[in-house]
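Novice:
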């Protein structure tokens, strides 16, 4: 097996080993910042699809030299097997790691936004590369403190909430993490407001998760679409988690539950007051969370991107959760919680304008969840933290230029 070069320049790869695009914006903004901060480091990008490559490039600074971009490939047989099994197991992701072990082992470190990459250590026994984790989201679900996180060598965190919870859960170490903010918030397009409908009605964003137990879509989703189709008071953007419609079989290892994909009836397509988006770039770049007037959902961490500007929220408890004192449902205190779609009309009527108590809860939760520095973008803080970590681990090889100080909050 190829091993990392222990004498030449430090090599770091930004790895995107997921079939969809929703994880790209969490780490791609860091790439150009790290190149500019530490030009002596060899920075490369590894993607698993053409659309992923395009998405990564969209976050790069055109004034900075484009880093080498390598294509990961799991092989046709692996992809065919995943398709044949309905996507119940992420075989392409696992196969991509297995098929590219020599390439991945040639890096000193990899920056990743997901936990499957820990299989390099736990399944394939690789001591290199070092794994740097930047979570793709800042939600409250128990999976945010998954034991898999303990296998990372260094972790970049969005704020104090996640830091405190991970420390309490024993999945990060005091000396091997940094609070850097949320690089996804650095996207340049976020300042612009987009009008998605040719009317002035309030716009509701329905954003169900894909989890077969926790998602409201499986039991109530069609009722939600039917309600909005039949009324003329609100617009609806139906933009679920991108994985909801990408697999024939939806599986939850955490909850040991399976569901078959439920298709969207044709009658809801093309209505002037309903926009259906099951996986475009708009569904992952915060276009909808920034522009909607009300959030309707269940357990997606996207609600934390929505509350950057406090607005009404309604949550659907479709799985009879005993949620009030459960930290995995902290965000359900940001708005009303309903247990049946029959309660939705009254909840919508009561939601506008947002109550002061909900406004204060959202604002406080956002501050606790995201460390925002108006003077320095999160991607720059993340680059500082990565460079400082690399300088600590390989001081002689980092020697070109000035070793960065540990400015990131640890």
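Residue numbers (the working numbering): 913 to 1322. From the three backbone atoms N, C-alpha and C, an ideal C-beta is built for every residue, glycine too. Keep in mind that this is a model prediction, so the values were computed, not measured.
1. Excluding the 5 residues flanking residue 1241 on each side, which residues of the same chain have their C-beta closer than 7 Å to its C-beta?
2. Alpha carbon to alpha carbon, what distance is there between residue 1213 and residue 1188?
3. Report the CB separation of residue 1011 from residue 968 in whole angstroms; it is logged as a contact under 8 Å.
4. Can you list, in chain order, the residues of its chain with a C-beta nearer than 7 Å to that of residue 944? Leave out the 5 residues immediately preceding and following it.
5. Could you round the C-beta distance between residue 935 and residue 1026 to whole angstroms and report it? I think they count as a contact, below 8 Å.
6. Is it buried or exposed, residue 1115, if we count other Cβ atoms within 10 angstroms and call 16 or more buried?
7. Between residue 1251 and residue 1229, is the Cβ-Cβ spacing less than 8 Å?
8. Are residue 1273 and residue 1092 closer than 8 Å when you measure CB to CB?
9. Apart from the five residues just before and just after residue 1266, which ones in its own chain have a Cβ nearer than 7 Å to its Cβ?
10. Helix, strand or coil, according to DSSP, for residue 1256 in the structure here?
11. When DSSP labels each residue in this structure, what does residue 1016 get in the three-state scheme?
12. From residue 1322 to residue 1095, what does the alpha carbon distance come to, in whole angstroms?
13. Only counting the same chain, and skipping five residues up and downstream in sequence, which positions put a Cβ closer than 6 Å to that of residue 1131?
14. So, with DSSP's three-state summary, where would you put residue 1125?
15. Quick check on DSSP: helix, strand or coil for residue 956?
16. Taking DSSP's pairing of strands, which residues face residue 982 in a bridge?
17. Within 10 angstroms of the Cβ of residue 1264, are there 16 or more other Cβ atoms? Answer buried if so, exposed if not.
18. Give the secondary structure of residue 1139 by DSSP, where H, G and I count as helix, E and B as strand, and everything else as coil.
19. So residue 1042 and residue 1305 are supposed to be a Cβ contact under 8 Å. How far apart are they, rounded?
20. Under 8 Å between C-beta atoms, does residue 1264 make it to chain D?
21. Mind listing, in chain order, the continuous beta strand (DSSP E) runs of no fewer than 3 residues lying wholly within the region 1090–1119?
22. Indicate the three-state DSSP secondary structure (helix, strand or coil) for residue 968 in the structure shown.
23. Can you give me the C-alpha to C-alpha distance between residue 932 and residue 1088, rounded to a whole angstrom?
24. If we ignore side chains and look at the alpha-carbon of each, how far apart do residue 966 and residue 982 end up?
Specialist: With the given structure in hand:
1. 1052, 1233 and 1235
2. Rounded to whole angstroms, residue 1188 to residue 1213 spans 20 Å at the Cα level.
3. Not a contact, Cβ separation roughly 20 Å.
4. Answer for residue 944: 972, 973 and 976, listed in chain order.
5. About 6 Å separates the Cβ atoms of residue 935 and residue 1026, confirming a contact at the 8 Å cut-off.
6. buried
7. yes
8. no
9. 1222, 1223 and 1224
10. helix
11. helix
12. Note that residue 1322 scores a pLDDT of 46, beneath 50, so its modelled location is shaky; the value from the coordinates is reported in the next line. C-alpha separation (whole angstroms): 17 Å.
13. 1230
14. Three-state result, residue 1125: coil.
15. strand
16. 958
17. exposed
18. helix
19. In this structure residue 1042 is in contact with residue 1305, their Cβ atoms being roughly 7 Å apart against a cut-off of 8 Å.
20. The structure shown has no chain D; it contains just one protein chain.
21. 1115–1119, all fully within the region 1090–1119.
22. helix
23. 29 Å
24. The straight-line gap from Cα to Cα measures roughly 13 Å.
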